[in-house]
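Chemist:
Take a look at the structure:
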């Protein structure tokens with residue numbers, strides 16, 4: 001007798017192989033198997049409570065009839081598994097083109113409701129789309145209707161981590177994708193100083209032709225950028241139908257490129273057209289790949305700093321007489337130009353049929369594929385910069401007005417010497433950068449300010465709007481325009497390649513380690529008779545400010561403001577710095593109160609609130625307080641640290657320690673383990689699973705009693721940062737003290753203080769849509785067999801008993817805390833759950849009739865927010881977050897009504913996170 005073939009488990013096979021239905025099977029284990037590993041323990045776990053509401057009488061009668069008339073209750077039919085787990089997310093990681101992509105699927109539910117759910121909100125304004133390269137939509141009402149589908153060459157690069165999930169649905173959290181990608185962030189990296197890089201920099205200064213680069217002629221660069229900008233606009237307006245090949249032939253492009261900017265390469269006998277696109281594209285890629293002479297925009301620091309190179313006119317960056325090579329700005333513009341030349345050629349090829357590319361452009365399929373093989377992540381980001389530049393910047397050529405009026409009079413006629421000295425010199429034309437989408441950028445800034453509750457928003461809006469409107473009034477040049485003729489010969493190599501903003505300070509790696517992270521703001525000026533300390537525009541004669549019709553120098557701030565308002569924003573975290581800096585530089589009251597030295601990775605106190613970068617763990621913890629607001633990497637909290645008024649704050653944090661006994665391999669690199677640890681059936685084979693292996697995990701009817709009250713946030717100063725001896729001779733601003741944050745909570749008989757020691761993250765649980773219990777007999781049976789008894793309608797997915805968990809209250813969380821009982825058992829709660837493989841679920845739900853935290857915050861006359869004696873509804877969630885930061889544990893935030901408890905446990909296991917905070 002032939003044996004039936006053994007069925008393969010759907011788990012953890014690729015999600016693409018999942019069927020719509022399970023085959024029929026029988027389950028043999030009894031209903032009352034021991035679930036000690038999954039159920040709460042006697043000491044730390046929450047005891048089973050009777051349900052507040054029993055099942056309705058009709059449901060009870062139907063269930064009794066069902067038990068009497070149907071088959072064995074331990075048996076599941078063919079439809080049961082898809083029905084039980086309909087609307088439950090399944091987590092995995094795909095590897096596509098060498099990049100690992102987090103993925104969330106709903107294999108048993110393809111309804112519109114499920115397809116539209118997400119753990120992160122849509123971008124709230126079109127201007128914020130600059131933060132990402134990933135396909136997305138903006139919120140209704142803020143989507144640019146003129147913005148069509150992406151056209152042209154697919155660069156195939158994205159920002160890491162994803163900015164689309166940088167803000168989770170819960171305040172102060174991130175999404176599933178963002179959290180997994182953090183270890184692979186485009187973080188700071190020191191400049192290459194190998195032999196090749198050093199040699200290339202020397203050649204650039206002494207004989208650039210050896211690198212294949214001609215001596216730079218600024219006017220040629222500017223004029224060609226104007227041409228390419230016009231070609232790109234035509235390409236967009238024609239929906240990709242009109243390319244650079246419709247303007248210039250390959251031969252003409254070859255003459256432009258190698259006659260003005262690069263030296264011709266050696267003869268290539270492998271192609272039928274030695275001056276065709278193959279030679280041009282390969283040469284452009286090879287030149288842009290050279291080490292030591294270009295900026296690498298795949299790294300976040302250069303996505304921020306390039307605006308300073310382009311816009312800043314800091315007089316401290318005076319000409320370096322010992323440096324004879326091209327300025328840093330000139331090389332940046334040449335890099336943009338060469339990348340633009342490459343992009344428009346690739347755009348033209350990508351829009352043509354294969355036959356036309358082969359016949360008319362003499363390019364084979366293998367040669368086109370080789371272009372992608374030659375590129376690097378650095379050259380891909382060159383293309384991103386080029387596309388952003390061409391899309392957002394308009395270049396215009398103007399003749400500047402004379403700096404002094406012509407002398408006309410008797411004394412001038414008599415004084416020949418003076419007449420000769422003052423005879424008009426021919427005025428050279430200047431090239432100006434102007435934003436194409438000024439209104440969009442301004443609207444995005446005001447939306448950001450409103451979203452975080454910025455004070456004096458009306459005054460800021462009126463002031464900035466008036467300045468930008470004046471900028472388009474002839475003959476005044478654009479306020480954010482800068483002549484592309486570089487007035488400064490800055491050294492090619494920056495003084496400090498480790499800093500994001502300022503040469504004197506450094507920004508940390510992705511771990512956000514403790515450093516000074518300051519930047520000098522350049523507040524805007526208003527019309528008036530006074531002369532600004534620095535020119536509002538970069539002119540050849542930088543001592544002469546540009547005046548507007550009001551007679552005074554109008555300004556919109558420094559290079560951070562100009563970078564944002566021109567729309568020249570590269571994907572990644574940079575936009576959060578540009579938004580808050582533009583807001584600060586154009587709010588005179590804020591700069592007066594806070595000063596001009598900002599810390600964009602810490603926080604500040606202003607207007608009776610505290611404002612925190614999301615890079616700072618203090619903001620992520622306090623975000624749970626009611627009344628907090630979050631937008632694009634900044635969190636506003638209606639609470640002020642004790643003893644602080646208007647000032648900047650730098651917070652010290654440590655990196656999260658690795659789990660004991662585990663290797664430091666990034667979770668995103670463990671794709672198979674992510675699937676196996678979080679699947680519906682816990683990675684078991686179908687034949688190994690019985691009906692009693694599924695339990696129904698539900699929240700109790702009542703939230704735990706509030707026993708802890710938030711008392712205060714205290715900032716403890718750290719030692720001042722020592723200035724390196726190498727920097728002692730430089731004019732460096734004395735660093736401000738750094739602080740460690742501590743949260744104090746009042747308990748019935750004592751007080752506990754938790755230190756926000758570690759830079760941990762909170763993740764919003766992915767929403768699920770539980771099946772309807774009214775039409776699901778199997779769920780009702782599981783409901784009766786649940787460890788929590790009968791509790792009325794079922795609104796949860798089942799959980800396999802192998803997915804172990806333990807539920808505790810905030811009071812039990814502190815019961816074993818060394819802050820309260822230093823002599824307690826050496827085996828801590830975390831050690832115990834780690835040994836058993838349990839996910840620790842902290843029930844931080846607020847009581848139904850609790851007072852919201854915002855209502856207990858009082859603002860006294862001195863501006864410090866304090867707490868009244870009432871208990872706050874968010875205190876438990878705040879305590880749970882603070883405890884996680886104290887212990888160095890990332891946590892998943894799962895909200896009742898959005899994600900069932902079972903799906904929270906599975907997602908925590910997928911992420912490798914040991915804590916779930918239930919709110």
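In the UniProt record's numbering, the protein residues as written are 1 to 919. Note that the Cβ used here is the ideal one computed from N, Cα and C, for glycine as well.
1) Taking the continuous beta strand (DSSP E) assigned at residue 206, which residues delimit it?
2) Would DSSP call residue 900 helix, strand or coil?
3) Going straight from the alpha carbon of residue 566 to that of residue 328, what length do you get?
4) Would you mind stating whether residue 756 and residue 617 have Cβ atoms separated by less than 8 angstroms?
5) Residues in the same chain with beta-carbon distance under 7 angstroms from residue 945, minus the five sequence neighbours each way, listed in chain order, please.
6) Would you give the residue range spanned by the beta strand (DSSP E) that residue 100 belongs to?
7) Tell me the residue span of the beta strand (DSSP E) that contains residue 629.
8) Would the stretch 161-176 count as touching the stretch 284-299 if we require 3 or more Cβ pairs under 8 angstroms?
9) Can you find the residues in the same chain that come closer than 8 angstroms, C-beta to C-beta, to residue 337, ignoring five residues on each side of it along the sequence?
10) Can the beta-carbon of residue 330 be found less than 8 angstroms from the beta-carbon of residue 216?
11) For the alpha helix (DSSP H) that residue 715 lies in, which residues bound it at each end?
12) Residues bridged to residue 798 by DSSP?
13) Taking C-beta to C-beta, are residue 434 and residue 461 nearer than 8 angstroms?
14) Restricting to runs no shorter than 4 residues, where is the alpha helix (DSSP H) found entirely within the stretch 279-343?
15) Determine the direct distance from the alpha carbon of residue 678 to that of residue 906, and round the result to whole angstroms.
16) Using DSSP with H/G/I as helix, E/B as strand and the rest coil, what is residue 156?
17) With a CB to CB cut of under 8 angstroms and the five nearest residues on each side skipped, what residues in its chain are close to residue 708?
18) Could you compute how far the alpha carbon of residue 656 sits from the alpha carbon of residue 244?
19) Helix, strand or coil, according to DSSP, for residue 66 in the structure here?
20) Over what stretch of residues does the alpha helix (DSSP H) that includes residue 229 continue unbroken?
21) How long is the line joining the alpha carbons of residue 195 and residue 203, rounded to whole angstroms?
22) Closest to residue 599 by C-alpha separation, out of 739, 452, 608 and 563, would be which residue?
23) Counting pairs of beta carbons, one from the stretch 359-371 and one from the stretch 263-282, are three or more of them closer than 8 angstroms?
24) When you compare each of 249, 901 and 841 to residue 277 by their alpha carbons, which one comes out closest?
25) So who's on the other strand from residue 604, going by DSSP bridges?
26) In terms of residue numbering, what span does the alpha helix (DSSP H) encompassing residue 359 cover?
27) Over the uninterrupted beta strand (DSSP E) stretch that includes residue 599, give me the two end residues.
28) Any idea if residue 637 is buried or exposed, counting beta-carbon neighbours within 10 angstroms, 16 or more meaning buried?
29) Looking only at its own chain, which residues have a Cβ that is under 6 angstroms from the Cβ of residue 61, when we skip the five neighbours before and after it?
30) Beta-carbon within less than 8 angstroms of residue 393's beta-carbon, same chain only, minus the 5 sequence neighbours each way: which residues are those?
31) Quick one: measure Cβ to Cβ for residue 649 and residue 619, integer angstroms, because I've assumed they're closer than 8 angstroms.
32) First and last residue of the beta strand (DSSP E) that includes residue 916?
33) By alpha-carbon positions, which one of 767, 117, 269 and 456 ends up nearest to residue 608?
34) According to DSSP, is residue 922 part of a helix, a strand, or is it coil?
35) Taking 8 angstroms as the cut-off, decide whether the C-beta atoms of residue 448 and residue 163 are in contact.
36) Since I believe residue 764 is in contact with residue 173 (beta carbons under 8 angstroms), could you give me their beta-carbon distance rounded to a whole number of angstroms?
Modeler: Checking against the coordinates, here is how it stands:
1) As a first step, residue 206 is located in the chain shown; it is residue number 206 there, counting from the start. Looking at the DSSP string, residue 206 is not in any beta strand (DSSP E); the run it does join, the alpha helix (DSSP H), is 195-206.
2) The sequence position of residue 900 within the chain shown is 900, counting from 1. If DSSP states are grouped into helix, strand and coil, residue 900 belongs with coil.
3) Translated into the one-based positions of the chain shown, residue 566 becomes position 566. Translated into the one-based positions of the chain shown, residue 328 becomes position 328. Straight-line Cα distance between these residues: approximately 20 angstroms.
4) By 1-based counting over the chain shown, the position of residue 756 is 756. By 1-based counting over the chain shown, the position of residue 617 is 617. Contact flag set, yes.
5) Outside the shown range of the chain, which is 1 to 919, sits residue 945, and nothing can be said about it.
6) Within the chain shown, the letter at position 100 stands for residue 100. Residues 99-105.
7) Here residue 629 corresponds to residue number 629 of the chain shown, with the count starting at 1. From DSSP, the beta strand (DSSP E) with residue 629 extends over 629-631.
8) no
9) Here residue 337 is taken as the residue at index 337 of the chain shown, counted from 1. Around residue 337: 221, 224, 225, 228 and 261.
10) In the chain shown, residue 330 corresponds to position 330, counting from 1. In the chain shown, residue 216 corresponds to position 216, counting from 1. Taking 8 angstroms as the Cβ cut-off, residue 330 and residue 216 qualify as a contacting pair.
11) Within the chain shown, residue 715 is the residue found at index 715, counting from 1. Unbroken run through residue 715 is the beta strand (DSSP E), 709-717; no alpha helix (DSSP H).
12) Looking up residue 798 in the chain shown gives position 798. DSSP lists 696 as partners of residue 798.
13) Along the chain shown, one-based indexing puts residue 434 at 434. Along the chain shown, one-based indexing puts residue 461 at 461. No. Outside cutoff.
14) 300-311
15) For the purposes of this step, residue 906 is taken as residue 906 along the chain shown, with counting starting at 1. For the purposes of this step, residue 678 is taken as residue 678 along the chain shown, with counting starting at 1. Looking at the two C-alpha atoms, the distance is approximately 5 angstroms.
16) Here residue 156 refers to the residue found at position 156 when the chain shown is read from its first residue. Reduced to three states, the DSSP call for residue 156 is coil.
17) The residue given as residue 708 occupies position 708 in the chain shown. Same-chain partners within the cutoff: 745, 746, 747, 752, 810, 811, 814, 875, 876 and 879.
18) Against the chain shown, residue 656 aligns to sequence position 656. Against the chain shown, residue 244 aligns to sequence position 244. Answer to the nearest angstrom: the Cα atoms are 51 angstroms apart.
19) Position 66 of the chain shown, counting from 1, holds the residue named residue 66. Because residue 66 carries a pLDDT of 49, less than 50, the predicted location of this residue cannot be relied on, and the following value inherits that uncertainty. Of the three classes helix, strand and coil, the one that applies to residue 66 here is helix, per DSSP.
20) Position 229 of the chain shown, counted from the first residue, corresponds to residue 229. Taken as a continuous stretch (DSSP letters only), the alpha helix (DSSP H) holding residue 229 covers 218-237.
21) In the chain shown, residue 195 corresponds to position 195, counting from 1. In the chain shown, residue 203 corresponds to position 203, counting from 1. Each residue's Cα considered, the two are about 12 angstroms apart.
22) Within the chain shown, numbered from 1, the residue matching residue 599 stands at position 599. Answer by Cα proximity: 739.
23) yes
24) Position 277 of the chain shown, counting from 1, holds the residue named residue 277. Comparing Cα-Cα distances from residue 277 to each of 249, 901 and 841, the minimum goes to 249.
25) Counted from its first residue, the chain shown places residue 604 at position 604. Beta-bridge pairing links residue 604 to 611 and 648.
26) Working through the chain shown from its first residue, we reach residue 359 at position 359. Its alpha helix (DSSP H) spans residues 354-360.
27) Working through the chain shown from its first residue, we reach residue 599 at position 599. Looking at the DSSP string, the run of the beta strand (DSSP E) that includes residue 599 is 597-599.
28) Here residue 637 corresponds to residue number 637 of the chain shown, with the count starting at 1. Burial call: buried.
29) As a first step, residue 61 must be located in the chain shown, where it is residue number 61. Residue placement at residue 61 is flagged as unreliable, the pLDDT there being 49, under the threshold of 50; a coordinate-derived value is accordingly withheld.
30) Taking the first residue of the chain shown as position 1, residue 393 is located at position 393. Excluding sequence neighbours, residue 393 sits near 229, 433, 434, 435, 436, 566, 567 and 568.
31) Indexing the chain shown from 1 puts residue 649 at position 649. Indexing the chain shown from 1 puts residue 619 at position 619. Going by Cβ atoms, the distance from residue 649 to residue 619 rounds to 10 angstroms, so no, they are not a contact pair.
32) Numbered from 1 along the chain shown, position 916 holds the residue referred to as residue 916. Looking at the DSSP string, the run of the beta strand (DSSP E) that includes residue 916 is 915-918.
33) In the chain shown, the residue the question calls residue 608 occupies position 608. Residue 608 has its Cα closest to that of 456, out of 767, 117, 269 and 456.
34) In the structure as shown, the chain starts at 1 and stops at 919, and residue 922 therefore has no counterpart that could be examined.
35) Taking the chain shown and counting its residues from 1, the one referred to as residue 448 is at position 448. Taking the chain shown and counting its residues from 1, the one referred to as residue 163 is at position 163. Against a cut-off of 8 angstroms, the Cβ pair of residue 163 and residue 448 comes out as no contact.
36) Your numbering for residue 173 matches position 173 in the chain shown. Your numbering for residue 764 matches position 764 in the chain shown. 4 angstroms between Cβ atoms; contact.
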